[in-house]
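In the working numbering, the protein residues as written are 110 to 377.
We treat Cβ as the ideally placed atom computed from N, Cα and C, and that holds for glycine.
Here's what the structure looks like:
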């Protein structure tokens, strides 16, 4: 790359030298020598040339010298200008060469980066393809799992229906067992009451009659009874019913009459 600026400088220097030689040749041509064949003496020349002609020859010789000097100065200035321009051209050429080298280095870096990018892009495409294959396999497995889950949900629905039926049956069985147990307790209490002796005061007989009536209605499914306690404590009657049957009785409030109260058999 350094040969181009050197060649330019060499050409400029040669041109300047040629211009200087041309100016020197012009200066020599301004004073031509007389021909050798016609040599005359000084007296003959003086006699042959008139005084006005001799007087006019001197200024012409001065003008030729001045013209030659001006041409030489112009050539020198042109040479200096050309040399300066040559140096500028050389500097510009060197700057262009440095810029070209920098561009070449940048181009190499860009080429390497582009190659790396292409390699990375190819690897990324390969990774994406592999991931897509894995995703497809996962989606297929997920479809199978969803199908199995649908079957499990159907089975679970059937199990829930069966469980609902079992719960209903269990509730009915519990209710029947509770009713049977309550009926059995009421029946045992009534049998025990019927085995009581019939002797005693009228109040005791009335108590046995009312208790038997309440127990009989309870066995038929009633849960609320109007009881005449004959000036006894209604809560005491409720406690006696609970003691006899093992079931919960409570007093709800007064009924019609001075000694009548509502007794309630509390459901379990």
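Check, Outcome
"Given 8 angstroms, three or more beta-carbon pairs between the region 355-374 and the region 327-340", "yes"
"Reference residue 366; option with closest CA among 352, 183, 338", "338"
"Environment of residue 348 [buried if 16+ CB atoms lie within 10 Å]", "exposed"
"Closer than 7 angstroms: residue 219 CB and nearest the ligand MG heavy atom", "Absent from the structure shown: the ligand MG. Ligands present: none."
"DSSP-derived helix/strand/coil call for residue 305", "coil"
"8 angstroms Cβ shell around residue 294 - same chain, five flanking residues per side excluded", "354, 355, 356"
"Residue 365 in three-state terms, based on DSSP", "coil"
"Identity of the residues DSSP links to residue 360 by a beta bridge", "372"
"C-alpha distance - residue 370 paired with residue 352, whole-angstrom precision", "19 angstroms"
"Cα-Cα separation, residue 123 to residue 201", "20 angstroms"
"Three-state class that DSSP yields for residue 338 in the structure shown", "coil"
"Proximity of residue 317 and residue 335 at Cβ, strictly below 8 angstroms", "no"
"Where the alpha helix (DSSP H) through residue 354 begins and ends", "343-354"
"Rounded straight-line distance, which links the Cα of residue 247 to that of residue 262", "22 angstroms"
"Residue burial classification, residue 298 (beta-carbon count within 10 angstroms, cutoff 16)", "buried"
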